[in-house]
Amino acid sequence: MTDIHDRGRALAIRMLAPRSKGGKGLNLTLTKPGQKAYDPATSTVMAAPQAFTGSGLRESYKQTDIDGTLIHQGDVKLLVSPVQADGTELPEPVTGDQIRFDGKLLKVISVEPWNYAGVACGYEVQGRA
């Protein structure tokens, strides 16, 4: 029998799914910088970024929340699904990652995971263009 946290996760996944799959969200691409590796043949440091396809939806910050220090005018709040488009787990976004959402490239400023009793239900991401 599933508990309330598992049901909450399933609900979040359904609601944050792309509209084409019956949800309220849009597709997004989370890009994480790759692991740096030294190539002795070329004497360069290479890092191939990793891209993950997921979904989420955008919310606006209240005008009273925009203080100009932590939250700037134009910042975007994204609610991100914990699963990728193929159903596997989405890696947790971290500061410095990039998200392409609705045609805009956003830098991840902060992340607030929705983690209830060890169950990852999603992420609230502050993005900045």
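Mapping of the sequence shown onto numbering that gives the first Met the number 0: position 120 corresponds to residue 119, and the numbering continues sequentially without gaps.
All C-beta atoms, glycine included, are put in the ideal place defined by N, C-alpha and C.
**Request:** For the stretch 65-127, list the beta strand (DSSP E) runs that are entirely contained and at least 3 residues long, ordered along the chain.
**Result:** The qualifying runs are 75-79, 97-100, 103-115 and 118-127.
**Asked** What's the gap between the Cα of Q49 and the Cα of P90?
**Response** Q49 and P90: Cα-Cα distance of roughly 11 Å.
**Request:** Could you give the DSSP three-state label for M0: helix, strand or coil?
**Result:** Model confidence at M0 stands at a pLDDT of 46, short of 50, so the residue's coordinates are unreliable and nothing is read from them.
**Request:** Can you say whether Q72 is buried or exposed, counting buried as having 16 or more other CB atoms within 10 angstroms of its CB?
**Result:** Residue burial is scored here from C-beta neighbours: Q72 has fewer than 16 other C-beta atoms within 10 angstroms and is therefore classed as exposed.
**Asked** According to DSSP, is G22 helix, strand or coil?
**Response** Taken through DSSP and simplified to helix, strand or coil, G22 comes out as coil.
**Item:** Selection from D5, R6, P17 and L104 that minimises the alpha carbon distance to Q83
**Value:** When C-alpha distances from Q83 are compared across D5, R6, P17 and L104, the shortest belongs to P17.
**Prompt:** CA-CA distance, A9 and A40?
**Reply:** Answer to the nearest angstrom: the Cα atoms are 48 Å apart.
**Asked** Should G67 go down as buried or exposed, given a rule of 16 or more other Cβ atoms within 10 Å for buried?
**Response** Flag for G67 reads exposed.
**Request:** Going by CA-CA distance only, name the one from V124, Y122, G117 and R127 that's closest to H4.
**Result:** Among V124, Y122, G117 and R127, the Cα nearest to that of H4 belongs to G117.
**Asked** With DSSP run on the structure shown, which of helix, strand or coil describes T41?
**Response** DSSP places T41 in coil when its eight states are reduced to three.
**Request:** Would you identify the three-state DSSP class for Q34, choosing helix, strand or coil?
**Result:** Residue state for Q34 is assigned as coil, using DSSP reduced to three classes.
**Item:** CA-to-CA distance, S109 to C120, given in whole angstroms
**Value:** A direct Cα-Cα distance of roughly 17 Å separates C120 from S109.
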